[in-house]
Amino acid sequence: MSLQLPTFKQSDLWEKAITHRSYYNEHPDLGEDNERLEFLGDAVLGFLVGKLLYETYPQMREGELSRLRARLVNNEHQLAELALDLGLDRHLRLGKGAEKDHTRENPEVLSDTLEAVIGAYFLDSGIEAVATFITPFFASRAAEIASTSELDQNYKGRLQEWALTYFGEIPRYLIVQESGEDHAKEFTAEVRIKNQVYGVGVGESKKTAEKKAAKMALQANIEQVGWVKRSETQHKL
């Protein structure tokens, strides 16, 4: 993924965004450090990532969306990583003492500076420009987390909610195979919606097998069908 810092129309906003308080303390004539911009950028980032997740994952419930957003925006090391990828550390204006203390590599300082840049860019060019700037990174990270993270263990509940929404039917679970000795049983479950198999799971108990079948159904089908439904709705509008 190719990442680059945005181009500012107002150079004073860019300079303020990269000004750490240690630099401002040594140069009070500058008028302000980047902490107020950091506050604004944090709010803008939270809003845009929330909007991104809402539009990208129509199958996710409020709790899941909130947890995923927190994983993305309340992650100091992730924001610091993005700041480094953008080369923001090379632009950061620090006081002499902070420079000696290796503050330039401090994850908290880097993440705060990134938020300040986002806030400044919002004031400079507007919300759509900021969205264009940050979306590729956060869309990619969201996809990684959503595909591997146990954001919600209630797979059967989620699948039922989805099936009722799109098909008006509750999923049916069938144990299609049982093998092994009594002390080491293994069960294979299928989950069906409208007589179509949507997922298969294997486990040491019927409950575990059904849960894995529901998880497979969600991962394999829900995002695709959710996008189709949403696209159809947008087309009709």
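With this note's numbering, the residue at position 6 of the sequence shown is 89, and numbering never jumps.
All residues carry an ideal CB built from backbone N, CA and C; glycine is no exception.
Computed from a predicted structure; not experimentally measured.
Return the CA-CA distance between V274 and E227, expressed in angstroms with no decimal places.
A direct Cα-Cα distance of roughly 26 Å separates V274 from E227.
Contacting residues, own chain, Cβ-Cβ under 6 Å from T90 (five flanking each side not counted)
Closer than 6 Å at the Cβ level, and outside the excluded window around T90, lies no residue.
Buried or exposed by the 16-neighbour rule on C-beta atoms within 10 Å, applied to K319:
Bear in mind that the predicted position of K319 carries a pLDDT of just 34, short of 50, making it unreliable; the figure below should be weighed with that in mind. K319 should be labelled exposed.
Indicate whether the contact test is met: 3 or more Cβ pairs, each with one atom in the region 88-103 and one in the region 193-204, closer than 8 Å.
Yes, since at least three Cβ pairs between the region 88-103 and the region 193-204 fall closer than 8 Å, the two stretches touch.
Evaluate contact between the region 122-136 and the region 198-210, counting only Cβ atoms and requiring at least three cross-stretch pairs below 8 Å.
Yes: the two stretches touch, three or more of their Cβ pairs being nearer than 8 Å.
Which of the three DSSP states is assigned to G282 in this structure?
Here DSSP, grouped into helix, strand and coil, assigns G282 to strand.
Indicate the three-state DSSP secondary structure (helix, strand or coil) for F250 in the structure shown.
Shown here, F250 sits in a helix according to DSSP, grouped into three states.
When the Cα atoms are used, what is the spatial distance from E147 to K277?
A direct Cα-Cα distance of roughly 27 Å separates E147 from K277.
Please classify R275: does DSSP put it in a helix, a strand, or coil?
In the structure shown, R275 sits in a strand (DSSP, three-state: E or B).
Would the beta-carbon of E269 fall within 9 Å of that of E261?
Yes, the Cβ-Cβ distance between E269 and E261 is below 9 Å.
Return the chain-ordered ranges of every alpha helix (DSSP H) run that is complete within the region 131-175 and spans a minimum of 4 residues.
Listed in chain order, the complete alpha helix (DSSP H) runs (minimum 4 residues) inside the region 131-175 are 145-156 and 159-168.
Status (buried if at least 16 other CB within 10 Å, exposed otherwise) for A267
So A267 ends up on the exposed side.
Please list the terminal residues of the continuous beta strand (DSSP E) segment that includes R255.
Unbroken beta strand (DSSP E) run through R255: R255 to S262.
C-alpha distance - Q279 paired with A303, whole-angstrom precision
Separation of Q279 and A303 (C-alpha to C-alpha, rounded to the nearest whole angstrom) is 14 Å.
Short of 7 Å in beta carbon distance, which residues of its chain neighbour L165, apart from the five on each side in sequence? Order them along the chain.
Within the same chain, L197 and F220 come within 7 Å of L165 by CB-CB distance, once the 5 residues on both sides are set aside.
How many Å lie between F216 and K92 at the Cα?
Across the structure, F216 and K92 are spaced so that their CA atoms are roughly 15 Å apart.
Within a Cβ cutoff of 8 Å, which residues of the same chain sit near R176, ignoring the five residues on either side of it in sequence?
Around R176: E98, I101, T102, H103 and Y106.
What separation, rounded to the nearest whole angstrom, lies between the Cα atoms of E118 and T186?
Each residue's CA atom was taken as its position, placing E118 and T186 some 16 Å apart.
Please say whether A296 and A272 have beta carbons closer to each other than 9 Å?
Yes, these two residues count as a Cβ contact at 9 Å.
Does the separation of the CB atoms of G202 and L88 fall below 9 Å?
Contact flag unset, no.
Since G202 is in the alpha helix (DSSP H), which residue starts that stretch and which ends it?
The continuous alpha helix (DSSP H) containing G202 extends over residues P190 to S208.
Distance between G133 and T139 (C-alpha atoms, nearest Å):
The straight-line gap separating the alpha-carbon atoms of T139 and G133 is approximately 10 Å.
Selection from M299, V127, E109 and E293 that minimises the alpha carbon distance to S208:
Among M299, V127, E109 and E293, the Cα nearest to that of S208 is on V127.
Between the Cα of Y249 and the Cα atoms of L113, P141 and G114, which residue gives the shortest distance?
The residue among L113, P141 and G114 with its C-alpha nearest the C-alpha of Y249 is P141.
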